[in-house]
Every structure is written in structure tokens, then in C-alpha cells.
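Q: This is the structure I have questions about; it appears just below.
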Amino acid sequence: MHIRSTLFTALLLLPGLAFAAAPTPADAGCLAVRDGWIRLSPVPRPTMLAGFGRIINGCVTAQAVVAVRSPRFGDVSLHETQVVDGVSRMREVERLPLTPGGEAVLAPGGLHLMLMQPDAVLADGERVPLVLVLADGHQVAAELQVRRTAPEPAHAH
Ligand SMILES: [Cu+2]
Numbered sequence: 265m266h267i268r269s270t271l272f273t274a275l276l277l278l279p280g281l282a283f284a285a286a287p288t289p290a291d292a293g294c295l296a297v298r299d300g301w302i303r304l305s306p307v308p309r310p311t312m313l314a315g316f317g318r319i320i321n322g323c324v325t326a327q328a329v330v331a332v333r334s335p336r337f338g339d340v341s342l343h344e345t346q347v348v349d350g351v352s353r354m355r356e357v358e359r360l361p362l363t364p365g366g367e368a369v370l371a372p373g374g375l376h377l378m379l380m381q382p383d384a385v386l387a388d389g390e391r392v393p394l395v396l397v398l399a400d401g402h403q404v405a406a407e408l409q410v411r412r413t414a415p416e417p418a419h420a421h
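Numbering (our numbering), first residue to last: 265 to 421.
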């Protein structure tokens, strides 16, 4: 017991050693957003927009998205649209789990990013930065393009 607590203390005193763990999603770039887009709003000055795309977990470990931010929006959250008794409703998804090698598809009528309070009117073709916050505290940078329709899915070569 004494030896073990001494070792623990030594690890605390050597942060370089203590953090020499497996590569994180941010370090390895194994978690990414593909085909990210924001649906151009028909409203002249929208206060709310929807974002879509695929969140791909190419990591060997399970991951979870627990928050999303963008410098262009006052508030961003993950939502899911569900039709209950013929009525379309949205609920907030507080935690989006991603299995190793798995992906989450955000598409109209299902999972989406709810983008609130844009800092300006977004133009067609504009690129908007986004940050995914993972359960382990790491952050993954992504980008969404403002478009009228979904982009053609990019195929792996
Ligand atoms: Cu929503």
C-alpha cells in the first residue's frame, strides 16, 4: 500500500508521465465531421438555423459528444426530431455516444444541430467553424457550409 501511494504521488509530480496515455481523438484526428452543412433559411433574418452532417468516430475507443459550440452562434445544441402521434417534436440530445468506428448521421427530419442567434445573416456558400466538445474534455474543430441542399456524400477512395 505504501509503495502504491508513493508511486501515485510520483505520477502526480510528473505531469508529462501522467499524461502519456493513448492518443486522444483531438490528437489523432480520428473523430471528424464530414459533409457538414447548414440549411440556408428562407427567412430574411433567421434567429434559428439547422445544421447537418456526419460525425465519424474513427477512433479505437468509444467517444461521446456532450456539447457543440460555434463562434458564429449564441447557442448551439444537438436536437432530435421525432414524430409523435403525427406531430413533429424536437428534443435536446445531451450526450451523443459514438461506438469505435461508428458514426452519427445528422439529417433533416432526425438528428440535427440547433443553431441559435447567428451573429449575422449567413450567405449561401459561407463556411462556419464549429467545435465539438467530447466527454473526455477534448475538442474537435469542424466546419459547416451554408447551402440550400445537402452536399453529395463524399466517398472514401
Ligand atoms: Cu431543433
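Cβ coordinates follow ideal geometry from the N, Cα and C atoms, glycine included.
Mapping DSSP to helix, strand and coil, what is D383?
A: Locating residue 383 in the sequence shown gives position 119, counting from the first residue. DSSP places D383 in coil when its eight states are reduced to three.
Q: Terminal residues of the continuous beta strand (DSSP E) containing P393?
A: Stepping through the sequence shown from its first residue, residue 393 is reached at position 129. R391 to L398 is the extent of the beta strand (DSSP E) around P393.
Q: Helix, strand or coil for R355, going by three-state DSSP, please let me know.
A: Taking the first residue of the sequence shown as position 1, residue 355 is located at position 91. It is a strand residue.
Q: Could you give the DSSP three-state label for L271: helix, strand or coil?
A: Taking the sequence shown and counting its residues from 1, one reaches residue 271 at position 7. The predicted model places L271 with a pLDDT of 46, which falls under 50 and marks its position as unreliable; any figure quoted below should be read in that light. Three-state result, L271: helix.
Q: Tell me where the beta strand (DSSP E) around S341 begins and ends.
A: In the sequence shown, residue 341 corresponds to position 77, counting from 1. Unbroken beta strand (DSSP E) run through S341: F337 to V348.
Q: Compute every distance between the C-beta of H402 and the non-hydrogen atoms of ligand 1, then say whether any falls below 7 Å.
A: Within the sequence shown, the letter at position 138 stands for residue 402. Every heavy atom of ligand 1 is 7 Å or more from the Cβ of H402, so no.
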